[in-house]
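Under numbering that gives the first Met the number 0, residues 0 to 873 are what the sequence shown spells out, in order.
What follows is a single structure, written as structure tokens, with notes after it.
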Amino acid sequence: MSAEKALVRGIVTTHSAAFVESVFESYRQGHLAVMLRGANDSRRIEQVGVTEVVEPPPRFGWMVFDADTRAALRSDDGEAHVSFTSGTEGEPKGVVLTHRALHDVTQRLNDVMAVDDSIREYVGVPVNYSFGLGRCRAVAAAGGRAFIPEHGFNPVEIRDMLVRGEINAISAVPSLWRVLLKGRSLFGDEAMRVRWIEIGSQAMSRGEKEELKALFPQARIVQHYGLTEASRSTFLRVDATSGEALDSVGRAYGATELALSDEGCIRIRGPHVASALLNGHGVMPASDAEGWFQTKDLGRLEGGYLYYLGRADDLINCGGIKLSPDALEDALRRELGIKTGIAVAPVDDAATGHAILIAHTPEAGVDEAKLKAAAVRIVADHGLRNRNALRLLALDEFPRTDTGKVKRRELAALHASAAAGAQVAAVPVAAPSPSAAGAEEEIARVWREVLGTTDIDPEKNFYDLGGDSLTALVAVMEMERRAVPPAIAKGMLQGRSIREIATLMAAPAPAREPAHVVGSAELRSGMAINVLRGFLVLCVVFAHWSGGLIERLPAGVQAITPWLAPLLAIGTPGFAIVYGVSAGHSMWPIYLADPARFHRIRHKTLALLSAGIVLLAAVVFLQTWLLAESITFTDFTNSFYSVLSYYWLITASLGLWFWWLQRSRHRIASCVFAAAACYGVHYYVVGPLGVHPAEGVVEFAKLLFTAKYAYFNMLSGTLIGIAIGMWLRDALKAQRPLGALAPIGGACVLAAIVMASHAGESSGWWVWPVPTNAIWRWVFYTGFVLLALVGLRRLLERYNDYGGARKYAFQLLAVCGILAFPLFVTHQLVIPLKDILVRLTGLPQAPLLAFSMGLFLVSGWAMYRKVHAMNFRA
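Following this line, the structure appears as structure tokens:
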């Protein structure tokens, strides 16, 4: 900041004409005006170096702006004032605005609204906030008059002043316009006298804008989008716009530029952007080196128009489905035919991350049953069918800022307080009656509460009734709290109906067996696949950590490294094949029988992978940022690349491959042919592109298709796995022996040895890390998977006769297989987290490595115990 201390004037912000005059007086005298919360606002006084404090008295009514006032509105680069954000989300930050920035805003605004000196405006928002003070500057620059209402926005007062011909312009935020539209019957012909309207920066639907146009047909109506740091960045001429564009917040005018970040957040550049920001750490630039101010508002640019999609930090993330509170509020108002009385906010939920809080006041005039029914329909349209994710809260009024914005975080806090007050101490419920009817009612009671519905069909399973994997966990925990036997939870997770579970519970049962039993060929196949997945996941973990482990061993022991190479190399490509086996064995039948369920499972898997990719990228990028001398955008984009990127791509495209296979007469042969074709595409078409340099997103895309975990290369293994999985499923249905796979597996291993020798790569068996997965490796890994599946199946045929230790070994590997993707993510965080801690703390590596490894082991053990209990405990 460049202003001298002697020229820094603190002005206590208050809704008063005297406040506006004090600000304009500071402009005229060349003082830097600092907005204070009170005369004793020591924090801001010390932060900015205020030397005198002005406390404007309350004064309302008309403000007449003369030539001297207009002269105070300068256009130089001097610092004009320091405003502070509203502070609804934490401690406000100071925003330093120059005279040039304020002049640019005023000039663009008055040009768009075509204001002249006849304007007589009813300023319906507090003038001590950015919007209200900006309206006073705009009216002053035009040489007009502004009316400051003592008691705030009042539609009756507006009507009466229109009748008397005293005003011809109105400014207000959307929440206040809704109040006026609700009482539109108050207005008659006097509405024709309104010439100018400005709508503040909040979400407002197309329908509401059309209603405003109809009510004030002679008005030039302008909506703006902006923030304290970049006021009025866009304008929408509501009166001159129709159709879909009315859903937007307009377009940029003058020297203002708009863009979107990679995360979809709005970026703004122009002479109106703040010159600096103040926080507890001092002064910082408001824009980056290229002049862009980064907001936390989500948006979409289309045809030059900006569509506001809500705050990124307000966004509701419910089980991976992201929803905008603004969009939900708008949809609820339209569905219920109401204008006010509805507010939506995210609230924390242990199962889904966020639940959707719908707060309502008597203004809404709708009962809770109707409100919840409408909400269920609306969130279902957004892909969320979990009724348990909805929360309702009745309030007398919403907590609001002085500009009328609902304080969503305070809504969440009010809901938490209400829930805590209503909570009754948990009293374990006695175990259900041994009769089928009693057991059935007990199960149904829990499901009704968790699913939030009274419509429970005992012949349907939990998922048919609208549950998903997240709500299933909620149901499991609720059942445990009520001391319901574990058989209910296990049966529910296995897709049994209420009646099936109740019948099993009511039947006379022998003493509980001490260990898990595998009772069918299908269960043996499923467990064999999971055991093999678990083994390969552990190979991946060992491969990633082997370097640091082996280099700490004595030199003589390190000589074993080449002998470990085949084990280290097999993990990732072997898992790609087994991923395909799982898809062909388990997902393919679901795709054929219940496509909707297939897509639900796929979406959940994508959400899990997305979370893992983002978490891993954040840690890797932070590691790079702390350790590297310089950081590029390419470093950022490349942080998102890992083997998980491939699994995200194959999961996303699995439905397309299944669609193609469904139309093929010879599906297994088609898979093998497609696998060979994909390898050819990688080797001859896509792979060679990897030598071309690229940056940023292009480099990331290049990695996805040309690097070690390239899509087409890895897909060649996955398609082979899908063929194996389909064959296994067909063999089980036909009750054919699976031993026929053993000769094929052995032939593949021998063929791989011959191919490697013929290619002059016999020494490649003992090399780690592997530079690329050549075709002879894929043939070998296919043989290994076939032999391993046959061998595991035979071992599991005697599973029920094994002792506890041998059973537990199989269970351990199977659980690791089930937890494959979480283990993929968490084990890769260990080394980057250690490096970050070393850089931040300066402590020795050994204890920090132990700490990072400990976090992995503790989190892994917690996941393991939960999954093991659900799947293997009697």
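By construction, the Cβ of each residue, glycine as well, lies at the ideal position given by its N, Cα and C atoms.
(message) On the DSSP letters alone, give me the boundaries of the alpha helix (DSSP H) that Val-19 sits inside.
(response) Numbered from its first residue, the sequence shown carries residue 19 at position 20. Run containing Val-19: 16 to 28, per the alpha helix (DSSP H) assignment.
(request) State the beta-bridge partners of Pro-742 as determined by DSSP. (result) Stepping through the sequence shown from its first residue, residue 742 is reached at position 743. Answer is none; Pro-742 lacks a bridge partner.
(message) To test your reading of the DSSP string, which unbroken alpha helix (DSSP H) runs of 4 or more residues are found completely within the segment 25 to 102?
(response) 41 to 47, 66 to 71
(message) Please report the straight-line C-alpha distance between Ser-432 and Ala-443, rounded to a whole angstrom.
(response) Within the sequence shown, the letter at position 433 stands for residue 432. Within the sequence shown, the letter at position 444 stands for residue 443. Note that Ser-432 scores a pLDDT of 42, beneath 50, so its modelled location is shaky; the value from the coordinates is reported in the next line. The alpha-carbon atoms of Ser-432 and Ala-443 are separated by roughly 13 angstroms.
(message) Given this structure, state the Cα-to-Cα distance separating Ile-377 from Met-62, to the nearest angstrom.
(response) The residue given as residue 377 occupies position 378 in the sequence shown. The residue given as residue 62 occupies position 63 in the sequence shown. If I take the Cα positions, the gap works out to 46 angstroms.
(request) Compare the Cα-Cα distances from Phe-783 to each of Val-172, Arg-532, Gly-263 and report the closest residue. (result) Numbered from its first residue, the sequence shown carries residue 783 at position 784. Of Val-172, Arg-532, Gly-263, the residue nearest in Cα terms is Arg-532.
(request) Count the other C-beta atoms from every protein chain shown that fall within 10 angstroms of the C-beta of Val-690, then say buried if there are 16 or more, exposed otherwise. (result) Residue 690 sits at position 691 when you count from the first residue of the sequence shown. Its Cβ having fewer than 16 others within 10 Å, Val-690 is exposed.
(message) Whole angstroms are fine: how far does the CA of Ala-218 sit from the CA of Leu-648?
(response) Here the question's residue 648 lines up with position 649 in the sequence shown. Here the question's residue 218 lines up with position 219 in the sequence shown. Approximately 52 angstroms, taken between the alpha carbons.
(request) Taking the CB atoms as reference points, tell me whether Leu-410 and Val-580 lie closer together than 9 angstroms. (result) For the purposes of this step, residue 410 is taken as residue 411 along the sequence shown, with counting starting at 1. For the purposes of this step, residue 580 is taken as residue 581 along the sequence shown, with counting starting at 1. No, Cβ-Cβ distance for Leu-410 and Val-580 is not below 9 angstroms.
(request) Sort out for me which residues DSSP pairs Arg-864 with in a bridge. (result) The count along the sequence shown starts at 1 and reaches residue 864 at position 865. Partner(s): none; Arg-864 has no beta bridge.
(request) State the beta-bridge partners of Arg-310 as determined by DSSP. (result) Working through the sequence shown from its first residue, we reach residue 310 at position 311. Paired residues: Asp-296.
(request) Return the residue from the list Ser-41, Ser-15, Val-7, His-14 that minimises the CA-CA distance to Ser-25. (result) Sequence index remark: in the sequence shown, residue 25 carries index 26 (1-based). Closest option to Ser-25, Cα to Cα, is Val-7.
(message) By the DSSP assignment, the beta strand (DSSP E) with Ile-667 in it spans what residues?
(response) Counted from its first residue, the sequence shown places residue 667 at position 668. Where Ile-667 is concerned, there is no enclosing beta strand (DSSP E), although the alpha helix (DSSP H) it sits in stretches over 666 to 679.
(message) Just to confirm before moving on: does the CB-CB distance between Asp-912 and Gly-269 stay below 9 angstroms?
(response) With the chain covering 0 to 873 only, the question about residue 912 has no answer from this structure.
(request) State the start and end residues of the unbroken beta strand (DSSP E) segment that holds Tyr-780. (result) Counted from its first residue, the sequence shown places residue 780 at position 781. Looking at the DSSP string, Tyr-780 is not in any beta strand (DSSP E); the run it does join, the alpha helix (DSSP H), is 774 to 795.
(message) Can you tell me whether Pro-148 is helix, strand or coil according to DSSP?
(response) Within the sequence shown, the letter at position 149 stands for residue 148. DSSP places Pro-148 in coil when its eight states are reduced to three.
(message) So the candidates are Ala-140, Ala-139, Ile-169; which of them puts its Cα closest to the Cα of Gly-151?
(response) Mapped onto the sequence shown, residue 151 falls at position 152. Here the closest residue by C-alpha is Ile-169.
(request) Can you check DSSP and say which residues form a bridge with Leu-566? (result) Within the sequence shown, numbered from 1, the residue matching residue 566 stands at position 567. None; Leu-566 has no bridge partner.
(request) Tell me whether Met-754 sits in a helix, a strand or coil according to DSSP, three-state version. (result) Position 755 of the sequence shown holds residue 754. Helix, per DSSP.
(request) Figure out for me which residue from Glu-458, Leu-259, Val-530 has the closest Cα to the Cα of Ala-501. (result) As a working mapping, residue 501 is identified with position 502 in the sequence shown. Among Glu-458, Leu-259, Val-530, the Cα nearest to that of Ala-501 belongs to Glu-458.
(request) Please report the residue range of the beta strand (DSSP E) in which Glu-197 lies. (result) What you label residue 197 is simply residue 198 of the sequence shown in a count that begins at 1. It spans 195 to 198 - the beta strand (DSSP E) in which Glu-197 sits, taken as one unbroken run.
(request) Take Ser-609 as the anchor and find which of Leu-621, Ser-641, Leu-625, Phe-632 has the nearest alpha-carbon. (result) The count along the sequence shown starts at 1 and reaches residue 609 at position 610. Minimum Cα distance to Ser-609 is reached at Ser-641.
(message) Measuring straight from C-alpha to C-alpha, what distance separates Val-94 and Leu-276?
(response) The count along the sequence shown starts at 1 and reaches residue 94 at position 95. The count along the sequence shown starts at 1 and reaches residue 276 at position 277. Roughly 5 angstroms separates the two Cα atoms.
(message) Measuring alpha carbon to alpha carbon, tell me which residue in Val-11, Ala-617, Leu-161 is nearest Ile-835.
(response) Here the question's residue 835 lines up with position 836 in the sequence shown. Closest by alpha carbon: Ala-617.
(message) I'd like the list of long-range same chain contacts for Ser-74, defined as Cβ closer than 7 angstroms, with 5 residues on each side in sequence excluded.
(response) Residue mapping note: residue 74 aligns to position 75 of the sequence shown, counting from 1. Hits under 7 angstroms: His-98, Arg-99, His-102.
(message) Whole angstroms are fine: how far does the CA of Lys-295 sit from the CA of Asp-312?
(response) Counting from one through the sequence shown, the residue named residue 312 turns up at place 313. Counting from one through the sequence shown, the residue named residue 295 turns up at place 296. Using only the alpha carbons, I get a separation of about 7 angstroms.
(request) State the CB to CB distance for the pair Val-111 and Tyr-252, rounded to an integer number of angstroms; the pair is presumed to be in contact (CB under 8 angstroms). (result) If you number the sequence shown from 1, residue 111 lands on position 112. If you number the sequence shown from 1, residue 252 lands on position 253. The pair is a contact, with the Cβ atoms about 6 angstroms apart (cut-off 8 angstroms).
(request) Can you tell me which of the three DSSP states Pro-768 falls into? (result) Within the sequence shown, the letter at position 769 stands for residue 768. Note: Pro-768 maps to coil in three-state DSSP.
(message) Helix, strand or coil for Arg-219? Go by DSSP, reduced to three states.
(response) Taking the sequence shown and counting its residues from 1, the one referred to as residue 219 is at position 220. DSSP places Arg-219 in strand when its eight states are reduced to three.
(message) Can you check which of these residues, Ala-379, Gly-654, Ser-715, is closest to Cys-677 by C-alpha distance?
(response) Here residue 677 is taken as the residue at index 678 of the sequence shown, counted from 1. If we check each option's Cα against that of Cys-677, Ser-715 comes out closest.
(request) Check each candidate in Ser-247, Ala-229, Ala-239 and name the one with the smallest Cα separation from Ala-254. (result) In the sequence shown, residue 254 corresponds to position 255, counting from 1. Of the candidates Ser-247, Ala-229, Ala-239, the one whose C-alpha sits nearest the C-alpha of Ala-254 is Ala-229.
(request) Alpha carbon to alpha carbon, how far is Gly-340 from Thr-12? Give it in angstroms, no decimals. (result) On the sequence shown, position 13 is the one that residue 12 refers to. On the sequence shown, position 341 is the one that residue 340 refers to. Between Thr-12 and Gly-340, the C-alpha separation is close to 29 angstroms.
(message) Rounded to whole angstroms, what is the Cα-Cα separation between Ala-568 and Gly-790?
(response) As a first step, residue 568 is located in the sequence shown; it is residue number 569 there, counting from the start. As a first step, residue 790 is located in the sequence shown; it is residue number 791 there, counting from the start. Approximately 21 angstroms between the Cα atoms of the pair.
(request) Could you please give me the residues that DSSP links to Pro-345 through a beta bridge? (result) The sequence position of residue 345 within the sequence shown is 346, counting from 1. Partner(s): Ile-355.
(message) Buried or exposed for Gln-622, going by 16 or more other Cβ atoms inside 10 Å?
(response) Numbered from 1 along the sequence shown, position 623 holds the residue referred to as residue 622. Answer is buried; the Cβ neighbour count reaches 16.
(message) So the candidates are Gly-143, Ala-813, Gly-803, Gly-802; which of them puts its Cα closest to the Cα of Phe-534?
(response) Looking up residue 534 in the sequence shown gives position 535. Selected option, being the one with the closest Cα: Ala-813.
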